[in-house]
Amino acid sequence: MNDRQLFSNARLAEMIHNSGVRPSAQRIAVLASIANHGSHPSADTIFSKIRQEYPSMSRTTVYNSLHALASAGLVRELEIESGNKRYDLAPQPPHSHFICRNCGKVIDIELPEGINTGNIHGLQIDSIDVYYKGLCGECSSGGT
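Going letter by letter, the sequence shown gives residues 15 to 158 in our numbering.
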């Protein structure tokens, strides 16, 4: 499930524009940080990464960009750990997440068969969040 497609800045700008949001350099950088790295970063991780390329960017700009991108349906906020939001690219097939209790790595995995969105028992389901927790392969084999 981690076979993420890389997105060019032009494609990311188009996605932002098509969602009805103005594609600023900051928003493109924030979306690229999420879309092209697959690490499910926190806002602080995104800020640290982007700050290297844009030294004048503020933490507030990153948070405002994340809010705009989430409101536009381009990113999803994941609260796998209480009080610690991570971000994932929204326009992709529904999937679940595994978080390693030791190293904190978040990995996309396919949803179990039979779990899907739609109308179930008269309920309109538009979002599913399935989180698994345990030890990743590296940590369980003593690699960390």
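Built from N, CA and C at the ideal position, the CB exists for glycine as well. Please read all numbers here as calculations on a predicted model, not as lab measurements.
Legend entry - Sufficient close CB pairs (3 or more, under 8 Å) joining the region 33–42 to the region 85–96: yes
Legend entry - C-alpha distance - I139 paired with P126, whole-angstrom precision: 16 Å
Inset, instruction - Kindly identify the DSSP beta-bridge partner or partners of G148. - result: C114
Legend entry - Contacting residues, own chain, Cβ-Cβ under 6 Å from S110 (five flanking each side not counted): I123, L125 and V144
Inset, instruction - Output the residue ranges of the alpha helix (DSSP H) runs that lie fully inside the region 38–77 and measure 4 residues or longer, sorted by chain position. - result: 39–49 and 57–67
Inset, instruction - Identify whether T158 lies in helix, strand or coil by the three-state DSSP scheme. - result: Here T158 scores only 48 on pLDDT, less than 50, and its place in the model should not be relied on; the value that follows carries that caveat. It is coil, neither helix nor strand.
Legend entry - Endpoints, the alpha helix (DSSP H) within which R25 is located: N23 to N32
Inset, instruction - Consider the Cβ of V44: report whether some Cβ of chain D lies at a distance smaller than 8 Å. - result: No chain D is part of this structure, which consists of one protein chain only.
Inset, instruction - Could you name the residues that DSSP lists as bridge partners for R100? - result: S56 and L92
Inset, instruction - Flag this pair as yes or no: are the beta carbons of K147 and R115 separated by less than 8 Å? - result: yes
Legend entry - Beta-carbon contacts of E93 that lie in its chain and below 6 Å, excluding the five residues immediately before and after: K99
Inset, instruction - Return helix, strand or coil for L125, following the three-state DSSP convention. - result: coil
Legend entry - DSSP state of L20 mapped onto helix, strand, coil: coil
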